[in-house]
Every structure is written in structure tokens, then in C-alpha cells.
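*Asks:* Numbering (my numbering), first residue to last: 72 to 257. Even for Gly, the Cβ is constructed at its ideal location relative to N, Cα and C. Can you keep this structure in mind? I'll have questions shortly.
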Amino acid sequence: MSDHVRQERFQLLLEQIGIPEEIKEKELREGSIERLEVNRQKRHWQFYIQLPSPVTPLVFEMLEEKLVLAFREIASVGFTMSFKTGALNLDNVESFWPAIVRKTKDLPDHIQLKLERLKPHVSSKGLGIRSLSDAEATSLERQAKPVIETALLECGFERINVYTYVGADEEETQRFQEKKKRRRTV
Numbered sequence: 072m073s074d075h076v077r078q079e080r081f082q083l084l085l086e087q088i089g090i091p092e093e094i095k096e097k098e099l100r101e102g103s104i105e106r107l108e109v110n111r112q113k114r115h116w117q118f119y120i121q122l123p124s125p126v127t128p129l130v131f132e133m134l135e136e137k138l139v140l141a142f143r144e145i146a147s148v149g150f151t152m153s154f155k156t157g158a159l160n161l162d163n164v165e166s167f168w169p170a171i172v173r174k175t176k177d178l179p180d181h182i183q184l185k186l187e188r189l190k191p192h193v194s195s196k197g198l199g200i201r202s203l204s205d206a207e208a209t210s211l212e213r214q215a216k217p218v219i220e221t222a223l224l225e226c227g228f229e230r231i232n233v234y235t236y237v238g239a240d241e242e243e244t245q246r247f248q249e250k251k252k253r254r255r256t257v
């Protein structure tokens, strides 16, 4: 299939799901559908979309939301994004974090909730996931790490090292200190 046909199909898809014209022209104009995987048993469609350059988190989330809504009666939908000019990097993790977490929906609920509440720690080592104990760190390493790595790739990120570390949340520590002070004054 030619690049022109792939681009036409992508533009048709954008029209079908109701992406505003301004966004189509500004950020999605030269995009294409590289392939579509259909899993009939699971009723799941996975689009592989290539764009000339990375999009904003807002456009990414809009595309995700509109794809899911447009096809929800037919199948569950996901997409993997790539960019001709290269991949997103660690600097973009924080702004894309909500979208990354939504792509980890196969994790147990308690881990999913933790990731939703978590502020990702970005360092030269990669993407750090804070845990409160060694046991939790081991569990996150085993269950969440591979899923997060896959979600990052699906969002268009370069391969990023995901690691866990044990550390107290600054807010939790502050609340604990305040409670301790109040007890002393009472």
C-alpha cells in the first residue's frame, strides 16, 4: 500500500471520528495509518499511526478519546504512535503521564490507582516509580514495569528505563509531621 493511500485513510479516519479541522491541519496533516490489527476474538482494534512529528498531550488525548468513542459499539480500540522525526523522550513523560497510565489498564486496580496518583520521577536513570516499601517495589517491578514500558512505546516514546525505588512521599511526610506537632500541643 502506498504512503499516499495510508495518508488518505488516516485523514478519512480523523474525519470519521470528528477531529476538528484546525487540529487536523496543524498537527495531524501528514499522518498515516501504517497498519491496523484486528483481534476478532477479543473484539479489539489496534491502530499503528505515524505522524511527522510529536503532538501535544492535548491532541494525543483527544485522538485517543475520539477513537475509543467512535468505535466503542464495534470493538475496543487502542493505538500505537510513532514519529518520523524521532520519538518522545524523558522530558515529555510528565506531560504525557495521564495518557501513559490509561494505557496500563490491564494492571490490578490497586496498582492502576497508585500510578494515577503518582507523580513520575524523571532522572538520568530513567523513569522512577516510587514505592513505600521493598515488598511494594518488588511487586511494582514485576507487575507494572513491563506494562509501563509497553505503554511508553505505544505513546511514541523512545525506549525508557523504568525502575522502582523506595521513598516517602513529601506530602505524606509533611502531613505526618503536622499530626505529630498537633499531638504535642494537645
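Along the chain, where does the alpha helix (DSSP H) that runs through glutamine 78 open and close?
*Replies:* 74-88
*Asks:* Please state whether DSSP places valine 233 in a helix, a strand or coil.
*Replies:* strand
*Asks:* Taking just the CA atoms, how far does aspartate 180 sit from glutamate 108?
*Replies:* 27 angstroms
*Asks:* Using the Cβ count rule (16 or more neighbours within 10 Å means buried), how would you classify lysine 97?
*Replies:* exposed
*Asks:* Under 8 angstroms Cβ to Cβ from alanine 170, same chain only, skipping five residues before and after it: list those, please.
*Replies:* Pro128, Phe131, Glu132, Glu135, Cys226
*Asks:* Between which two residues does the beta strand (DSSP E) holding phenylalanine 228 run?
*Replies:* No beta strand (DSSP E) holds phenylalanine 228; DSSP gives it neither H nor E.
*Asks:* Where does leucine 140 sit, in a helix, a strand or coil, going by DSSP?
*Replies:* helix
*Asks:* Cutting at 6 angstroms between CB atoms, please list the residues of its own chain near glutamine 117, excluding the five before and the five after it.
*Replies:* Only residues of its own chain outside the window of five on either side were considered, and among them Glu108, Gly149 have a CB closer than 6 angstroms to the CB of glutamine 117, listed in chain order.
*Asks:* Hey, how far is the Cα of glutamine 245 from the Cα of lysine 252?
*Replies:* Each residue's alpha carbon lies about 11 angstroms from the other.
*Asks:* Looking at the strands, I want to know which residues DSSP matches up with methionine 152.
*Replies:* Ile120
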